[in-house]
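These notes concern the structure reproduced below.
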Amino acid sequence: MRPDARGYFGDFGGRFVPEVLIAALGELEIAMEAAFADPAFWLEYETILQHFVGRPSPVYRADRYAAGISSVPFALKREDLNHTGAHKINNTVGQALLARRMGKRRIIAETGAGQHGVATATVGAKFGIPVDVYMGALDVERQALNVYIMNLLGANVHAVSGGTRTLKDATNEAFRQWAARVEDTFYVIGSVVGAHPYPYMVREFQKIIGIEARRQCLEQFGRLPTDVVACVGGGSNAIGIFAGFIDDAAVRLWGVEAAGEGLESGRTAAALGAGSVGVLHGSRSYLLQTERGQVQDTHSISAGLDYPGVGPEHAFLKQSGRATYVPVTDDEALDAFFAFARAEGIVPALESAHAIAFARTLARERSKDDLILVNLSGRGDKDINQVRELRR
Numbered sequence: 007m008r009p010d011a012r013g014y015f016g017d018f019g020g021r022f023v024p025e026v027l028i029a030a031l032g033e034l035e036i037a038m039e040a041a042f043a044d045p046a047f048w049l050e051y052e053t054i055l056q057h058f059v060g061r062p063s064p065v066y067r068a069d070r071y072a073a074g075i076s077s078v079p080f081a082l083k084r085e086d087l088n089h090t091g092a093h094k095i096n097n098t099v100g101q102a103l104l105a106r107r108m109g110k111r112r113i114i115a116e117t118g119a120g121q122h123g124v125a126t127a128t129v130g131a132k133f134g135i136p137v138d139v140y141m142g143a144l145d146v147e148r149q150a151l152n153v154y155i156m157n158l159l160g161a162n163v164h165a166v167s168g169g170t171r172t173l174k175d176a177t178n179e180a181f182r183q184w185a186a187r188v189e190d191t192f193y194v195i196g197s198v199v200g201a202h203p204y205p206y207m208v209r210e211f212q213k214i215i216g217i218e219a220r221r222q223c224l225e226q227f228g229r230l231p232t233d234v235v236a237c238v239g240g241g242s243n244a245i246g247i248f249a250g251f252i253d254d255a256a257v258r259l260w261g262v263e264a265a266g267e268g269l270e271s272g273r274t275a276a277a278l279g280a281g282s283v284g285v286l287h288g289s290r291s292y293l294l295q296t297e298r299g300q301v302q303d304t305h306s307i308s309a310g311l312d313y314p315g316v317g318p319e320h321a322f323l324k325q326s327g328r329a330t331y332v333p334v335t336d337d338e339a340l341d342a343f344f345a346f347a348r349a350e351g352i353v354p355a356l357e358s359a360h361a362i363a364f365a366r367t368l369a370r371e372r373s374k375d376d377l378i379l380v381n382l383s384g385r386g387d388k389d390i391n392q393v394r395e396l397r398r
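Residues 7 to 398 (the working numbering) make up the sequence shown, in order.
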């Protein structure tokens, strides 16, 4: 689905930004449309994904995790095997190519768990473009390894001390920095959020996940999955894999949100499960907000899901009923983190552990004639120190 001429997916999306950014977004939209219509752009993008990123990432059958619960075949789309360790690199390659095409001399980005920051720093180094990354001070502490890697790659990491010191505040600061230098700066947004055309553009760079997964399921299993499961913060890995199956009505799509300490606790990051419709970071979607319309503080064990909003296309999929969104708590995600590592020999990112936790619950309701496909969006190296402290 394409957004309409105003950048809306149904009732959600749009372009709610200060006047200074309207021209920059218009310039970006024109450049994006020209690039998307240029076969040479896509050829270079796909060549880099193959030889630099390591695509296609495999679909891997991992039945031990659900053994004893169900005989349902259980498969993973291994985005954790990409260069830099997460799906984020698919998007940053595309946006860096656009930045170079537009003649921008500087790239900025926001990051929560650090995977988008590492992916942006990586393409900055590859293309020789200076990079500044904005990151909440709390996330700088809990993702110290990724901060070191970003610095190693030559990026400047700026710790943002305002607010909850997490992804929302990092995004606010990145928008301020972009507004101050729109002439020479390209803002590489890390998820399917923000003002039009970002949600659409990021999905187009991430839909490679779903295109590959659909083909691989047919080749390896002789059929499509019955259920596709992915974690949702802003929602880029989920919308990427959903895109491959959106027209297959029999395939059920599940987005798993970070419930934190529970939807009713007030300490949650589940925008679709506990939020309401409003405007955040340039688009209309679901977000966590107070009765007075102020953005609510969020909580999640996972820095990458600790964001009060969600991409507008996810809001549309919820409203239309095409996808179902469910919550998973911190404790459930942690339990899945350990159980999955021991059963499969794979340490998942805490973000992915939310999807894995729900998939195991779902397995109880499925049989050997079904097929559950989980998007393993990233690897857990970055979370080891945090998890070790939590279980000490």
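Every residue gets a Cβ at the ideal spot worked out from N, C-alpha and C, and that includes glycine.
All figures in this text were calculated on a predicted structure; none of them were measured in a lab.
Sixteen is the threshold: when 16 or more other Cβ atoms of the shown chains lie within 10 Å of the Cβ of residue 88, as they do, the residue is buried. Here residue 194 is not near residue 245, since their CB atoms are 7 angstroms or more apart. Taking the Cα of residue 168 as reference, the smallest distance to any Cα among 347, 340 and 303 is reached at 303.
Take the alpha-carbon of residue 260 and the one of residue 383: they are about 14 angstroms apart. The C-beta distance from residue 119 to residue 310 rounds to 3 angstroms, short enough to fall under 8 angstroms. Taking one beta carbon from each stretch, the stretch 102-119 and the stretch 174-182 have 3 or more pairs nearer than 8 angstroms; the two touch. Residue 23 sits in coil when the DSSP states are folded into three classes, being neither helix nor strand. Linking residue 243 to residue 93 through their CA atoms gives a straight-line distance of about 7 angstroms.
Under the three-state reduction of DSSP output, residue 164 falls in the strand class.
When the five nearest sequence neighbours on each side are left out, the beta carbons in the same chain lying within less than 6 angstroms of the beta carbon of residue 164 are those of 140, in order along the chain.
Under DSSP, residue 138 takes part in a beta bridge, and its partners are 114 and 162.
The beta carbons of residue 81 and residue 67 sit closer together than 7 angstroms. Nearest neighbour of residue 288 by Cα position, chosen from 14, 151 and 146, turns out to be 14. For residue 250, the secondary structure class from DSSP, reduced to helix, strand or coil, is coil. Collapsing the DSSP output to three states places residue 313 in coil. Apart from the 5 residues on each side of it in sequence, residue 107 sits with its Cβ closer than 7 angstroms to the Cβ of 37 and 41 in its chain, given in chain order.
Within the stretch 65-124, the runs of alpha helix (DSSP H) at least 4 residues long that lie entirely inside it are, in chain order, 94-107.
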